[in-house]
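A.B. asks:
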Amino acid sequence: MPRIEETDNKRVVKEFFNYIMSGNPKDSLPLFSTNCTQHNPYVRGGMAELMDSMGAAQESFDPEPGSQPEFVIKHLIADGDIVVAHTEMKKSKTQPSEGGLRQAHIFRLENGKVVEYWDITQMVSIDLPNAANAFS
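Quick note: to get the working numbering, add 37 to the position in the sequence shown (first position is 1).
1) When DSSP labels each residue in this structure, what does residue 70 get in the three-state scheme?
2) Quick check: the stretch 59 to 76 against the stretch 143 to 159, are there 3 or more CB pairs under 8 angstroms?
3) Let's test the definition: count the other Cβ atoms within 10 Å of the Cβ of residue 78 and tell me whether it reaches 16, buried, or not, exposed.
4) Name the one or two DSSP bridge partners that residue 109 has.
5) So residue 118 and residue 46 are supposed to be a Cβ contact under 8 angstroms. How far apart are they, rounded?
6) Assuming residue 113 contacts residue 126 under a Cβ cut-off of 8 angstroms, what Cβ separation, rounded to an integer in Å, is found between them?
7) Here's a check: name, in chain order, each residue in its chain whose Cβ is nearer than 6 angstroms to the Cβ of residue 58, leaving out the five neighbours to either side.
8) Nearest to residue 141 by CA position, among 41, 111 and 43, is which residue?
9) Since residue 41 is in the alpha helix (DSSP H), which residue starts that stretch and which ends it?
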């Protein structure tokens with residue numbers, strides 16, 4: 038049976054993704070400690086700057102005005118203060134036939150707040166040899 042802390046930490050991560058998919062990534066900032074360290078090598082700054090970057094990336098995955106990209110949490114794993122989410126986003130505005138983004142998000146939490154965040158992203162082209170088998 039999962040520990041209560043792990044269950045609570047997974048709930049925080051799910052809430053984060055709900056904000057991202059609602060198109061309001063900056064609304065998720067209260068889920069992060071004020072001194073949260075983000076480790077994305079492409080974004081200088083803290084979580085506010087990363088949320089700006091996520092919002093811009095999300096805009097490129099909107100196939101039609103007013104519609105949402107397909108976003109799915111494929112796996113959500115908690116181990117103590119660490120939660121890992123394996124996600125997939127499809128329907129690029131610029132490349133609608135492409136395979137989308139596959140990501141691993143790693144969160145470290147303390148007292149119900151994210152204190153450290155990593156993300157690893159793969160852009161997937163449908164012509165890659167193993168593009169269709171990421172989640173099967």
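Glycine included, C-beta positions come from ideal geometry on N, C-alpha and C. Computed from a predicted structure; not experimentally measured.
C.D. replies: Let's see:
1) strand
2) yes
3) exposed
4) 125
5) 7 angstroms
6) Not quite, the Cβ-Cβ distance comes to about 15 angstroms (not below 8 angstroms), so this is no contact.
7) 108
8) 111
9) 41 to 58
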